[in-house]
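Chains as they are written, first to last, in my numbering: chain G, 44 to 304; chain C, 44 to 304; chain A, 44 to 304; chain W, 44 to 304. Read through the structure below, which is laid out as structure tokens, and then see the notes.
4 protein chains.
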Amino acid sequence: MGNKAKQKVLKTLNKGDENDKLSKGFDTFIMALILLNVAAVILETVESIHLRYGDFFDYFEIFSVIVFSIEYLIRVWACTAIEKYRHPVWGRLKYMMSIEAIIDLLAIIPFYLPIVLSNADGRMIRILRLLRLFRLFKLGRYSMAFGLVTDVIRKRKEELVVTLTLLVILLIFASTLMYYIENKPGREGFESIPETMWWGVATLTTVGYGDVYPITPLGKLLGAVIAILGVGLFALPAGIIAAGFESELSVRKKKKKQQNE
Amino acid sequence: MGNKAKQKVLKTLNKGDENDKLSKGFDTFIMALILLNVAAVILETVESIHLRYGDFFDYFEIFSVIVFSIEYLIRVWACTAIEKYRHPVWGRLKYMMSIEAIIDLLAIIPFYLPIVLSNADGRMIRILRLLRLFRLFKLGRYSMAFGLVTDVIRKRKEELVVTLTLLVILLIFASTLMYYIENKPGREGFESIPETMWWGVATLTTVGYGDVYPITPLGKLLGAVIAILGVGLFALPAGIIAAGFESELSVRKKKKKQQNE
Amino acid sequence: MGNKAKQKVLKTLNKGDENDKLSKGFDTFIMALILLNVAAVILETVESIHLRYGDFFDYFEIFSVIVFSIEYLIRVWACTAIEKYRHPVWGRLKYMMSIEAIIDLLAIIPFYLPIVLSNADGRMIRILRLLRLFRLFKLGRYSMAFGLVTDVIRKRKEELVVTLTLLVILLIFASTLMYYIENKPGREGFESIPETMWWGVATLTTVGYGDVYPITPLGKLLGAVIAILGVGLFALPAGIIAAGFESELSVRKKKKKQQNE
Amino acid sequence: MGNKAKQKVLKTLNKGDENDKLSKGFDTFIMALILLNVAAVILETVESIHLRYGDFFDYFEIFSVIVFSIEYLIRVWACTAIEKYRHPVWGRLKYMMSIEAIIDLLAIIPFYLPIVLSNADGRMIRILRLLRLFRLFKLGRYSMAFGLVTDVIRKRKEELVVTLTLLVILLIFASTLMYYIENKPGREGFESIPETMWWGVATLTTVGYGDVYPITPLGKLLGAVIAILGVGLFALPAGIIAAGFESELSVRKKKKKQQNE
Chain G
44 MGNKAKQKVL KTLNKGDEND KLSKGFDTFI MALILLNVAA VILETVESIH LRYGDFFDYF
104 EIFSVIVFSI EYLIRVWACT AIEKYRHPVW GRLKYMMSIE AIIDLLAIIP FYLPIVLSNA
164 DGRMIRILRL LRLFRLFKLG RYSMAFGLVT DVIRKRKEEL VVTLTLLVIL LIFASTLMYY
224 IENKPGREGF ESIPETMWWG VATLTTVGYG DVYPITPLGK LLGAVIAILG VGLFALPAGI
284 IAAGFESELS VRKKKKKQQN E
Chain C
44 MGNKAKQKVL KTLNKGDEND KLSKGFDTFI MALILLNVAA VILETVESIH LRYGDFFDYF
104 EIFSVIVFSI EYLIRVWACT AIEKYRHPVW GRLKYMMSIE AIIDLLAIIP FYLPIVLSNA
164 DGRMIRILRL LRLFRLFKLG RYSMAFGLVT DVIRKRKEEL VVTLTLLVIL LIFASTLMYY
224 IENKPGREGF ESIPETMWWG VATLTTVGYG DVYPITPLGK LLGAVIAILG VGLFALPAGI
284 IAAGFESELS VRKKKKKQQN E
Chain A
44 MGNKAKQKVL KTLNKGDEND KLSKGFDTFI MALILLNVAA VILETVESIH LRYGDFFDYF
104 EIFSVIVFSI EYLIRVWACT AIEKYRHPVW GRLKYMMSIE AIIDLLAIIP FYLPIVLSNA
164 DGRMIRILRL LRLFRLFKLG RYSMAFGLVT DVIRKRKEEL VVTLTLLVIL LIFASTLMYY
224 IENKPGREGF ESIPETMWWG VATLTTVGYG DVYPITPLGK LLGAVIAILG VGLFALPAGI
284 IAAGFESELS VRKKKKKQQN E
Chain W
44 MGNKAKQKVL KTLNKGDEND KLSKGFDTFI MALILLNVAA VILETVESIH LRYGDFFDYF
104 EIFSVIVFSI EYLIRVWACT AIEKYRHPVW GRLKYMMSIE AIIDLLAIIP FYLPIVLSNA
164 DGRMIRILRL LRLFRLFKLG RYSMAFGLVT DVIRKRKEEL VVTLTLLVIL LIFASTLMYY
224 IENKPGREGF ESIPETMWWG VATLTTVGYG DVYPITPLGK LLGAVIAILG VGLFALPAGI
284 IAAGFESELS VRKKKKKQQN E
């Protein structure tokens with residue numbers, strides 16, 4: 044089969060324009076399948092649902108893996124139509140190393156591995172099941188939300204690194220101080236600095252579960268000061284990401300407008 | 044009666060300008076009645092108040108329903124004075140399908156339904172009582188706060204959809220990971236992924252009730268990373284809505300200024 | 044005594060410029076006295092400190108009241124030097140009705156009232172003691188922080204009213220829904236809608252004490268949706284006030300710069 | 044040795060440019076050593092790790108102190124090559140009083156002090172160990188994150204002072220009111236105003252551990268009002284610092300761009 048056919052196949056598989064009905068229909072089918080898979084992974088863990096519909100989930104899993112496997116094989120077969128993956132062997136291997144292809148592979152491999160590894164134990168199978176959630180990333184081809192996050196993080200990398208460094212330093216200092224004040228024999232939650240960091244994170248992010256908190260007057264005083272000062276610093280990455288999103292989205296809106304004109 | 048009369052009636056019912064004393068007085072009366080109704084719905088649920096003033100609440104309910112019913116009937120009768128609801132039958136039906144009219148209907152129907160449905164059970168009546176709170180939406184005619192929310196959400200729809208998608212994805216990933224780590228026999232709160240999502244929401248929104256939290260070291264480590272990274276993402280919709288409000292309000296302020304000049 | 048003398052006295056009492064050493068020294072004395080008074084009100088409530096230094100606190104209270112009383116009397120006497128309080132009787136009464144003078148009066152009256160009202164009971168005296176904290180507002184004359192808040196709130200009044208209205212509506216809806224779902228016999232915290240509002244406030248402000256939280260699956264689902272959507276809305280007033288502060292402070296900075304040039 | 048040699052030594056010790064391999068290598072070595080030291084301080088507090096690798100930590104401590112001591116001595120010796128520390132005695136003393144040098148000294152002194160003070164007790168040694176964490180500040184020479192914080196705080200000092208003043212006033216008022224309402228015999232957490240402030244901080248920062256919360260209806264009402272109004276004010280410093288960071292980072296980015304051109 045010629046490159047023309049391969050190009051047509053790829054076009055159908057990828058996000059199609061509004062006019063191509065076949066491509067559009069295929070997109071909808073794959074997206075629905077991905078979302079149903081995610082729903083299945085989530086619902087399967089509910090005991091009562093698992094007991095009742097366990098078989099159905101198994102059949103659905105087999106069906107999904109077959110569809111995703113065929114999709115994967117077709118993509119690997121057709122990728123040579125793209126200039127940079129032209130070579131029949133090296134081009135295909137290069138494509139298989141792309142992030143896109145690895146996500147596609149991770150979406151199906153958890154099914155095949157236990158068959159290959161006959162001696163896979165229960166814990167291994169549990170982790171493999173977890174990998175099924177990577178199917179969600181297949182959505183990246185269709186939704187701009189994924190690309191947006193990557194873009195924002197890339198553009199604000201410097202700011203995020205600086206502020207995250209500051210957060211970690213603040214966390215270390217707050218936790219060390221609190222450890223030295225609150226660490227008493229028989230006192231849970233402050234047995235070591237890493238333990239105390241759990242308090243630190245809960246306080247500085249303002250989650251405040253309430254499983255650990257200072258009880259000595261000095262600890263409370265320090266905790267109050269840390270909370271008042273630190274909360275501001277921990278809101279920084281949120282502010283940076285929010286600003287990044289706003290500007291990125293307005294840029295995209297403008298672009299879209301210009302294209303439509 | 045001619046259209047003139049209907050138009051006058053409608054003008055009196057709707058938010059009037061400062062000079063028309065009758066319209067102004069009627070507005071105040073309806074707004075006060077709505078607010079008192081909301082207060083009644085809320086206070087009625089307090090056992091001690093219900094026992095003491097139960098009869099009064101019943102009378103007030105009957106009075107309110109009569110007023111709101113008359114208002115509804117007058118509006119349906121008078122709506123033909125508006126160009127697009129001109130037809131005496133179809134125009135009125137069209138008006139009755141408008142959001143405004145449906146809100147007005149929802150405000151009175153919970154009272155009439157139990158009379159019509161003679162076999163309505165206790166649970167049904169409870170839900171109907173809940174519907175009484177929809178009377179609050181009748182305020183939408185008088186307060187710009189309601190319209191503002193609708194406008195902001197419409198204008199920032201795209202941003203909100205993208206960020207809410209991200210939130211849901213983050214929530215699914217965080218909860219799935221935490222489920223695989225913390226799910227142990229006899230451990231409450233992490234029995235299934237949907238269960239674990241309750242922890243996820245409490246953590247990522249920083250509410251942190253403290254009814255569920257990780258206890259294994261690995262779970263705490265993951266919880267800390269999720270809290271630090273995720274809190275930023277969950278603050279995004281807040282930022283977007285806040286920015287939308289600010290710009291929307293400043294636009295309205297400018298308009299008002301220009302009108303006054 | 045002439046107006047000249049009164050003007051000089053007022054100038055010494057009020058916030059003086061850097062060069063007038065007497066005025067500057069008096070400012071520092073009054074500010075220190077106010078801060079010490081606040082510290083005294085706070086520390087006095089600590090049992091161990093009260094038992095040990097009770098007498099000292101009483102003497103300090105008498106000393107403070109004497110100083111503040113003399114200050115008040117001098118201000119009332121000298122206010123006639125200001126144009127708008129010129130009349131010896133009506134001017135002085137008008138001054139005594141100004142916010143500034145009322146704050147000054149509230150700062151001393153809790154001391155005199157129990158002497159006048161011979162039959163004041165314990166509860167009355169407790170409330171009068173609370174009023175001593177109003178001395179803190181006397182700082183308003185010296186610190187620009189107080190004026191700033193007033194200015195920001197006045198300028199953003201409209202926005203704040205709209206968003207607070209929205210918050211209250213959201214709170215009412217969230218609490219009513221949650222009440223209908225979670226209200227079961229023997230279930231604490233959801234006995235009535237006002238009770239449930241305590242949960243609503245704790246959730247929507249993300250404080251999350253953990254004394255009440257939904258336990259039914261439907262309640263948790265609704266709680267999660269409310270938390271995700273509502274948190275954004277409850278962050279609005281914070282955003283508006285923050286924006287107001289930023290702009291107000293930059294305006295003041297510019298003004299100060301221009302004055303110094 | 045001449046100034047040339049000293050200048051070369053200092054250049055090697057300080058953050059070098061990309062081309063000087065020796066300086067670059069030394070930077071990496073010191074930074075790695077600092078980070079390992081921080082990790083050691085943290086991990087040492089974990090009982091199981093301490094029992095197993097205690098000796099290793101001791102050797103690593105000795106090695107680190109030797110390296111940092113030599114670095115300190117070399118810096119003191121070589122500082123005379125810098126114009127302002129030219130004088131062999133006074134210049135060196137002046138250098139030793141610089142923040143940079145004091146941080147370097149604080150990084151090593153906790154090791155030597157117990158040797159000098161033969162009668163240092165357990166508590167003293169604990170505090171000295173805490174001082175080891177100051178080694179983290181040695182990173183300030185290599186990371187711009189530290190300088191950034193200092194700059195932002197300096198530039199927004201005025202705003203931060205005003206808002207922190209407001210926070211403290213709000214905290215005092217909220218806690219005093221709550222103390223008068225919730226203080227009942229046998230009620231923990233509201234025994235005095237300073238005690239109640241712990242509730243105040245936990246509520247206003249939205250941490251909400253849940254160890255103390257109002258239980259009387261009036262206390263809950265006040266707590267709700269404080270939470271709704273106060274949360275906005277407590278988010279102010281966060282907003283100010285975030286805005287400061289954003290503008291500071293964009294200024295630095297621009298500068299860097301101009302330098303590269």
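Even for Gly, the Cβ is constructed at its ideal location relative to N, Cα and C.
Notebook entry, point to check: So, is the C-beta of G:G232 closer than 7 Å to a C-beta in chain A?
Noted result: no
Notebook entry, point to check: Would a check of beta-carbon distances place G:G243 closer than 7 Å to chain A?
Noted result: no
Checklist line | chain W contact for A:L176 (CB, 7 Å cutoff) | finding: Judged by the 7 Å Cβ criterion, A:L176 is in contact with chain W.
Notebook entry, point to check: A:I151 and A:V108: beta carbons closer than 7 Å?
Noted result: yes
Checklist line | 7 Å Cβ cutoff, G:I258 in contact with chain C | finding: False, the Cβ-Cβ gap to chain C never drops below 7 Å.
Next item on the list: Could you round the C-beta distance between C:M42 and C:W241 to whole angstroms and report it? I think they count as a contact, below 8 Å.
Entry: Absent from the structure is residue 42 of chain C, since the part of chain C shown begins at 44 and ends at 304.
Next item on the list: Measure the alpha-carbon distance for A:C122 versus A:V89 and round it to whole angstroms.
Entry: 40 Å
Notebook entry, point to check: Using CA coordinates, which residue listed in A:S235, A:F277, A:S186, A:M167 is at the minimum distance from A:D70?
Noted result: A:S186
Next item on the list: Using alpha carbons as the reference points, say which of C:V244, C:A286, C:G251, C:L264 lies closest to A:A267.
Entry: Of the listed residues, the one whose Cα sits closest to A:A267 is C:V244.
Note to self: Relative to the C-alpha of A:M74, which candidate in A:L56, A:T259, A:V84 has its C-alpha closest?
What the structure shows: A:L56
Margin query: Under 7 Å, Cβ to Cβ, is there at least one residue of chain G near C:A267?
Written below: yes
Notebook entry, point to check: Within the 7 Å Cβ cut-off, does G:A270 reach chain W?
Noted result: So yes, G:A270 belongs to the interface.
Margin query: Let's test the definition: count the other Cβ atoms within 10 Å of the Cβ of C:F180 and tell me whether it reaches 16, buried, or not, exposed.
Written below: C:F180 should be labelled buried.
Checklist line | Bounding residues of the alpha helix (DSSP H) (the contiguous stretch that carries W:R199) | finding: Premise fails: W:R199 is in no alpha helix (DSSP H) and is neither H nor E.
Margin query: With H, G and I counted as helix, E and B as strand and the rest as coil, what does DSSP make of C:I212?
Written below: Helix at C:I212.
Item checked: Residue from C:K127, C:F277, C:F111, C:D194 with nearest C-alpha to C:V294 -> C:D194
Checklist line | Three or more C-beta pairs below 8 Å linking the region 164–176 of chain W and the region 210–220 of chain G | finding: Segments in contact, yes.
Item checked: C-beta neighbour in chain C for A:K64, strict 7 Å -> no
Next item on the list: Work out the CA separation of A:R166 and A:K137 for me, nearest whole Å.
Entry: 32 Å
Check: Ordered along the chain, which non-local residues of its own chain (more than five positions away) have a Cβ less than 6 Å from that of A:L247?
Finding: G273, F277
Note to self: For W:T246, report the span of its alpha helix (DSSP H) as first-last.
What the structure shows: 236–247
Item checked: Where the alpha helix (DSSP H) containing W:G183 begins and where it ends -> It is not in any alpha helix (DSSP H) - W:G183 carries neither H nor E in the DSSP assignment.
Next item on the list: Go ahead and label W:I284 buried or exposed: buried means 16 or more other beta carbons lie within 10 angstroms of its beta carbon, across all protein chains shown.
Entry: buried
Next item on the list: Whole angstroms is fine: what's the gap from C:L171's alpha carbon to C:W133's?
Entry: 29 Å
Check: Applying a beta-carbon distance threshold of less than 8 Å, which residues of chain W neighbour C:T249?
Finding: T249
Notebook entry, point to check: From which residue to which residue does the alpha helix (DSSP H) around W:S107 run?
Noted result: Under the DSSP assignment, W:S107 falls in the alpha helix (DSSP H) whose first and last residues are 90–121.
Checklist line | Within chain A, partners of G:G253 - CB distance below 9 Å | finding: G251, Y252, G253
Next item on the list: Give a yes or no on whether 7 Å exceeds the smallest Cβ distance from C:I85 to chain A.
Entry: By this cut-off, C:I85 is an interface position.
Next item on the list: Consider the Cβ of G:S235: report whether some Cβ of chain W lies at a distance smaller than 7 Å.
Entry: Answer yes: the Cβ-Cβ gap between G:S235 and chain W drops below 7 Å somewhere.
Next item on the list: Pick out whichever of C:A281, C:G287, C:T249 has its Cα sitting closest to the Cα of C:I269.
Entry: C:T249
Next item on the list: Specify the secondary structure class of W:L76 as computed by DSSP and reduced to three states.
Entry: helix
Check: If you check the beta carbons only, do A:A124 and A:K49 fall under 7 Å apart?
Finding: Closer than 7 Å, so yes.
Notebook entry, point to check: Whose CA, out of C:T219, C:E104, C:S112, C:G190, lies closest to the CA of G:A82?
Noted result: C:T219
Item checked: Residue-chain proximity (G:E143, chain W), Cβ-Cβ < 7 Å -> no
Notebook entry, point to check: So, does the CB of C:G229 fall closer than 7 Å to a CB anywhere in chain G?
Noted result: no
Item checked: the region 226–240 of chain W / the region 251–262 of chain W touching (three or more Cβ pairs under 8 Å) -> The region 226–240 of chain W makes contact with the region 251–262 of chain W; the number of CB pairs closer than 8 Å reaches 3 or more.
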